[in-house]
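When we follow this note's numbering, the leftmost residue of the first sequence carries the number 150, and every step to the right adds one.
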Amino acid sequence: MQPLPVEFYARDTTLVAKELLGTLLVHRSPEGITVGRIVETEAYLQGDPACHASRGMTPRNSVMFGPPGHAYVYFTYGMHYCFNVVTASEGVGEAVLIRALEPIEGLELMRKRRGRDRLHELCGGPARLVQAFGITKEHNKKDLTTGPLFIAPSPDPPPDIYITTRIGIKEGADLPLRFYIQGNKFISKK
DNA sequence: GGAACGATTGAT
DNA sequence: TCAATCGTTCCT
């Protein structure tokens, strides 16, 4: 499996969020490999009030303004981490949040890391998939086109995409920037 | 220096 | 429906 090249990420963020559906998130960690099919994403755009980068660069969000194809991992609610991929051109603070995966490989490792058995509880939610894949704050700013954590092209035909509003935000809650594979059983909310 | 809050999750 | 839990951001 080959990582998607930087050219994939260096495009319109909304387009990247849609085209990430069906691709494979891969982590070759010391504990073992995990693979999941990306089934749900959200786009966060410059000028979008819900975007961490909308009020300028800070120590936390600086990676969003850097080159595309890098990881933005942030800590939230005092206990969880979320994983994003940086998109668009360098200097533009945009990213795509990975919200849910369909578990493909390494299910027992995911179960061990999560402390749960049920399939839909392994990677259904942004903080859940981070835990299942062993992603930590150490992965923040890492290059997703060269390292052990990467995204591989979709092995499937382009899916039907459902477009709706994002979850867990206040400002910008009406914008149609959440995308998931229509009919997929592994999205984060019913 | 201090306070309010959050791109969530899991239990009640 | 609500508590857990703490780094980041913004205000004083």
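Don't be surprised by glycine CBs; every beta carbon is placed ideally from N, CA and C.
> Counting along the chain, where does the beta strand (DSSP E) carrying Glu254 start and finish?
Replying inline: Unbroken beta strand (DSSP E) run through Glu254: Ala244 to Glu254.
>> Spatial neighbours of Asp266 within its chain, please: C-beta separation below 6 Å, excluding the five flanking residues on both sides.
In response: Excluding sequence neighbours, Asp266 sits near Arg260.
> Cα separation between Ile300 and Arg327?
Replying inline: So the alpha carbons of these two residues sit roughly 19 Å apart.
> Nearest-angstrom Cα distance between Arg263 and Tyr223?
Replying inline: Approximately 19 Å, taken between the alpha carbons.
>> My output table needs one value for Arg260: the three-state DSSP class, helix, strand or coil.
In response: Helix.
>> Residues in the same chain with beta-carbon distance under 6 Å from Ile253, minus the five sequence neighbours each way, listed in chain order, please.
In response: Close CB contacts of Ile253 within its chain, under the 6 Å cut and outside five residues either way in sequence, are with Val184, Gly185 and Arg186 (chain order).
>> Closest to Val245 by C-alpha separation, out of Gly296, Thr190, Gly181 and Arg277, would be which residue?
In response: Restricting attention to Gly296, Thr190, Gly181 and Arg277, the CA atom closest to the CA of Val245 is found in Thr190.
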